[in-house]
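J.: Have a look at this one.
In the working numbering, the protein residues as written are 2 to 222.
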């Protein structure tokens, strides 16, 4: 009789141990599942943040202005000086839209440095150029502003004086009155500076005037 009771108790102990082990196993599976879920969510969040940061970094690196060319106009009353220059710019490949209203031109003749901002009163759309890029009305009459002359703007992003935005495919001229800035530019004069957008890389200005101004319009850079 006693042996039978001991046998029954042992069987009950074994059953209890089996149930306990099952409970522990289930708990471990649940904890592992929760941990895996947290890890997946965390990795997804980190991946999204990394992609966003990568896109922002790429856009930041790509955004900016390029100076395509710079041309100068010989002064009609003083053939030994250049009176205005036309800086043709475009947005860099992959660049975000750039507001020219927030753009600054830094320009120096090595003796004087000027910082110029956009003057909305001297905005010239492409159909008003009238065949003469260097028409005096296209340029400012002071030493603190530059003008905008639209050459190419297929999407009309730079369609008005108050909406001067440059993006891919646009070609815009920034007009600078160097007579007012420096008293004109002389032969062999060094000029340097930058076209600085609100966001992104600047366009570079760096040229030396030719030794003589034999033509009315000359390429400087």
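Cβ coordinates follow ideal geometry from the N, Cα and C atoms, glycine included.
Since we're looking at a predicted model, the values are computed, not measured.
Please report the distance separating the alpha-carbon of residue 114 from that of residue 108.
T.: Spanning the two alpha carbons is a distance of roughly 6 Å.
J.: For residue 128, does the three-state DSSP call read helix, strand or coil?
T.: Helix, per DSSP.
J.: Could you tell me if residue 94 is buried or exposed, where buried requires 16 or more neighbouring beta carbons within 10 angstroms of its beta carbon?
T.: Result: exposed.
J.: To the nearest angstrom, how far is it from the Cα of residue 90 to the Cα of residue 72?
T.: Using only the alpha carbons, I get a separation of about 12 Å.
J.: May I ask which residues mark the beginning and end of the beta strand (DSSP E) holding residue 181?
T.: No beta strand (DSSP E) holds residue 181; the alpha helix (DSSP H) holding it covers 179 to 183.
J.: Round the Cβ separation of residue 188 and residue 208 to the nearest angstrom and send it over; I've been treating them as touching at under 8 Å.
T.: Actually they are not in contact, since the Cβ atoms of residue 188 and residue 208 sit about 13 Å apart, beyond 8 Å.
J.: Do residue 179 and residue 88 have their CB atoms nearer than 8 Å?
T.: No.
J.: If you measure between the beta carbons of residue 217 and residue 74, is that distance less than 8 Å?
T.: Cβ atoms of residue 217 and residue 74: closer than 8 Å.
J.: Assuming contact is defined by CB atoms lying nearer than 8 Å, are residue 174 and residue 137 in contact in what I supplied?
T.: For residue 174 and residue 137, no; Cβs fall outside 8 Å.
J.: Leaving out five residues before and five after residue 222 in sequence, what residues of the same chain have Cβ atoms less than 6 Å from its Cβ?
T.: These residues qualify, in order along the chain: 71 and 208.
J.: Report all residues from its chain with a CB closer than 7 Å to the CB of residue 212; omit the five preceding and five following residues, and keep chain order.
T.: Same-chain partners within the cutoff: 188 and 189.
J.: Does at least one heavy atom of the ligand ADP sit under 7 Å from the Cβ of residue 124?
T.: Of ligands this structure carries none, so the ligand ADP is not represented either.
J.: If you draw a straight line from the C-alpha of residue 32 to the C-alpha of residue 39, how long is it?
T.: If you take the alpha carbons of residue 32 and residue 39, they lie about 11 Å apart.
J.: I need the boundaries of the beta strand (DSSP E) containing residue 95, first residue and last residue.
T.: Where residue 95 is concerned, there is no enclosing beta strand (DSSP E), given that its DSSP letter is neither H nor E.
J.: Express the C-alpha separation of residue 43 and residue 10 in angstroms, rounding to a whole number.
T.: The predicted model places residue 10 with a pLDDT of 48, which falls under 50 and marks its position as unreliable, so this point remains unresolved.
J.: For residue 153, which three-state DSSP category applies?
T.: DSSP places residue 153 in strand when its eight states are reduced to three.
J.: With the cut-off set at 8 Å, would you say residue 110 and residue 146 are in Cβ contact?
T.: Result no, Cβ atoms of residue 110 and residue 146 do not sit closer than 8 Å.
J.: To the nearest angstrom, how far is it from the Cα of residue 96 to the Cα of residue 132?
T.: C-alpha separation (whole angstroms): 30 Å.
J.: Where do the ends of the beta strand (DSSP E) carrying residue 75 lie?
T.: Residues 66 to 75.
J.: Tell me which residue opens and which closes the beta strand (DSSP E) that residue 220 is part of.
T.: Residues 218 to 220.
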